[in-house]
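> Take the sequence shown: its position 13, counted from the start at 1, is 39 in my numbering, and no numbers get skipped.
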Amino acid sequence: MKAGKTIYICSECEYQSAKWQGKCPSCGSWNTLEEGISQPKTPVSPKHVNTLGSGRSRAAAFDELDLPEYMRCNTGFDEFDRVLGGGLVHGSVILLSGEPGIGKSTLLMQISSALAETKRVLYISGEESRGQLKLRARRLGIGGKNLLLLTETNIDAILSEYSRVAPDIMIVDSIQTVYNSGIASAPGSISQVREGATAFISKAKNDGTSVIFVGHVNKEGGISGPKVLEHMVDAVLYFEGERRQSYRIIRAMKNRYGSTNEIGVFEMTDIGLSQVSNPSEMLLADRPKNTSGNCAVCVMEGSRPILSEIQALVSKTVFPAPRRTANGIDYNRMCLLIAVLEKRLGLRFSANDVYMNVIGGIKMDEPAADLATALALVSGITDRVVPDDLLAIGEIGLAGECRAVSHIEHRIKEVERLGFKKILIPHRNIEKLKKRAGNAELIGIKSIYEILTVLKPVKEQAEE
Ligand code: TYD
Ligand code: MG
């Protein structure tokens, strides 16, 4: 294609087309072709190539390799360290992404300040002015000699300042704002993002500097810019949560230095983010008493049991096909459980709308939440209540059988700690727990037929 002509470039795979098309013929994504200017093909400059080895590497047996020792440092937030796998690894590259206004810059400024106590931190902002950043820093009460701020978007200018300052940690807020003037496309375009990321990563890997990139999200909620960005970094973290609610959750989508199961929970306050080391207490704080359609649940988020509440509102439908909405639990899993309850217990869900919600924006994608979901549904449709001090754990099969779940002892400990007196668990799990000392009563469940017996009429519980 001739250089300087207007063309359309796919934002997912960089496919170029002379005319606009709704669907990218190369990767099949919809609405991703964006207007751009065609450029002469330039070879990748060797200084920005990210390579392993010197070009004369030899193969070696695994037995002969040395075990690396990752040097980690604490970021000042245990919740963030946990998601990283136990702290920030020296020389690692992290991509933190999330919706605008969720608190990425706030979190990173707080982290920078904690890290700056022992390390030299360079915070590069291409989004806000010095004045705005100073105001925020004052609000967060952060500062220090080793926390340096640079407001700049030109990649070469950033790199020369980086070399002068020689930081241990570099934060780029955000990778979509940096640009190389040699490339004609706008900041945030695929070529610019890739150029910026490659330049910073190769420099940082050489010096052993840790880098944290802030990444914007696209319309669909994925990280905008090239997919290769996710391949280039060591960890991809997502910062999520409802902007109108104060809790925020960080999850790892990829982590070369730890597990991707762990989550970190934060709360946005007037003076920045504070970590919530005990999310279950917060999630269960305002539970409604003596109302139908609720059941407490315990799911594992990585190595940590988290308690929340599942709610089901079941009401007579006025539509030809009943409505189903699921918030926090998988829609298809909910439909499956409704079908099982309809078939096995003969409950008429087909005449009712069902709206389900998990408190606190927690996402429950673990089958161990099935039993609590079923209890909330049955309670919702029968208008009988699940006792407030009862919690349910267990997977449900299509025949209505209740199947064993993992980490049962760990879960029970946490459930007891939060004051529940009765715990419904799968029958198979109870065998192992016979000799256990604990103050909650464990009730083994073989199939969903048995759950009807735990429900009580609304009034009866009120009188207790
Ligand atoms: P910000 O960190 O700028 O979000 P992002 O970088 O992800 O776009 O800030 C997010 C929001 O948080 C902003 O709307 C204001 C609010 N906020 C607080 O509630 N308390 C605070 O102490 C700060 C600094 C921000
Ligand atoms: Mg920001």
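Beta carbons are placed, not taken as given, at the ideal position from N, Cα and C, and that holds for glycine. What you are looking at is a predicted structure, and each value in this text was computed from that prediction instead of being measured.
Do you know offhand how far Asp199's Cα is from Phe239's?
6 Å
> State the CB to CB distance for the pair Lys482 and Ala466, rounded to an integer number of angstroms; the pair is presumed to be in contact (CB under 8 Å).
About 18 Å; that fails the 8 Å criterion.
> Which residue from Leu148, Gly445, Thr479 and Gly464 puts its Cα closest to that of Glu435?
Of Leu148, Gly445, Thr479 and Gly464, the residue nearest in Cα terms is Gly464.
> Pairs of beta-carbons, one from the stretch 322-331 and one from the stretch 349-361, closer than 8 Å: are there three or more?
no
> Are there 16 or more other CB atoms within 10 angstroms of the CB of Tyr357, so buried, or fewer, so exposed?
Exposed, since its Cβ has fewer than 16 Cβ neighbours within 10 Å.
> Locate the beta strand (DSSP E) running through Gly241, then write down its first and last residues.
First-last of the beta strand (DSSP E) with Gly241: Ser236 to Gly241.
> So for Met97, helix, strand or coil by DSSP?
coil
> Is DSSP giving Glu394 helix, strand or coil here?
Strictly speaking, residue 394 in this sequence is Ala, with Glu absent from that position. In this structure, Ala394 counts as helix in the three-state DSSP scheme.
> Compute the distance between the beta-carbons of Ser207 and Thr177, then report whether it is under 9 Å.
no
> Evaluate contact between the stretch 220-234 and the stretch 105-113, counting only Cβ atoms and requiring at least three cross-stretch pairs below 8 Å.
no
> Looking at C-beta atoms only, is the number of pairs between the stretch 279-286 and the stretch 300-318 that lie closer than 8 Å three or more?
no
> Just to confirm my understanding: we take Asn57, look at its own chain, exclude 5 residues before and 5 after, and list those with CB closer than 7 Å. What are they?
Gly48
> Need the endpoints of the alpha helix (DSSP H) that Asp107 sits in, please.
Asp104 to Leu110 is the span of the alpha helix (DSSP H), which, as asked, contains Asp107.
> Use the C-beta contact count for Ser217: other C-beta atoms within 10 angstroms, 16 or more gives buried, fewer gives exposed.
buried
> Assuming Ser306 contacts Leu444 (C-beta within less than 8 Å), just tell me the rounded distance between them.
6 Å
> Output the boundary residues of the beta strand (DSSP E) element that contains Cys321.
Annotation for Cys321: the continuous beta strand (DSSP E) segment containing it runs Asn320 to Glu327.
> Suppose contacts are defined by Cβ-Cβ distances below 9 Å. Is Glu187 in contact with Leu141 by that definition?
no
> Confirm the yes/no value for this check: CB of Asp356, any heavy atom of the ligand MG, distance under 8 Å.
no
> Specify the secondary structure class of Gly354 as computed by DSSP and reduced to three states.
coil
> With a threshold of 16 other CB atoms inside 10 Å of the CB of Lys130, please say whether the residue is buried or exposed.
It counts as buried.
> Give the DSSP-derived three-state secondary structure of Phe226 in the structure shown.
helix
> Cα-Cα, which of Arg164, Lys460 and Val243 is closest to Gly214?
Val243
> Can you grab the Cα-Cα spacing for the pair Glu266 / Arg156, in whole Å?
27 Å
> Measure the beta-carbon distance from Tyr381 to Leu339 and round it to whole angstroms, keeping in mind my assumption that it falls under 8 Å.
4 Å
> Locate the beta strand (DSSP E) running through Asn455, then write down its first and last residues.
Looking at the DSSP string, Asn455 is not in any beta strand (DSSP E); the run it does join, the alpha helix (DSSP H), is His453 to Ile456.
> Please state the DSSP three-state secondary structure of Ser432.
Of the three classes helix, strand and coil, the one that applies to Ser432 here is coil, per DSSP.
> Using CA coordinates, which residue listed in Gly406, Leu363, Thr408 and Val404 is at the minimum distance from Pro393?
Leu363
> So does Val240 have its beta carbon nearer than 8 Å to some heavy atom of the ligand TYD?
yes
> What's the gap between the Cα of Phe103 and the Cα of Ala210?
40 Å
> Tell me the DSSP secondary structure of Gln136 in three-state form.
helix
> Looking only at C-alpha atoms, which of Gly222, Cys428, Ile195 and Gly54 sits nearest to Arg370?
Cys428
> For the beta strand (DSSP E) containing Tyr264, name the first residue and the last one.
Ala261 to Glu266
> Does DSSP put Gly290 in a helix, in a strand, or in coil?
strand
> Thinking Gly290 and Glu40 are a contact (beta carbons under 8 Å), I'd like their distance in whole angstroms, please.
Incorrect: roughly 33 Å between the Cβ atoms, too far for contact.
> Assuming Gly157 is part of the alpha helix (DSSP H), what are its boundary residues?
Taken as a continuous stretch (DSSP letters only), the alpha helix (DSSP H) holding Gly157 covers Arg156 to Leu166.
> In this structure, how does DSSP classify Leu309 when only helix, strand and coil are distinguished?
helix
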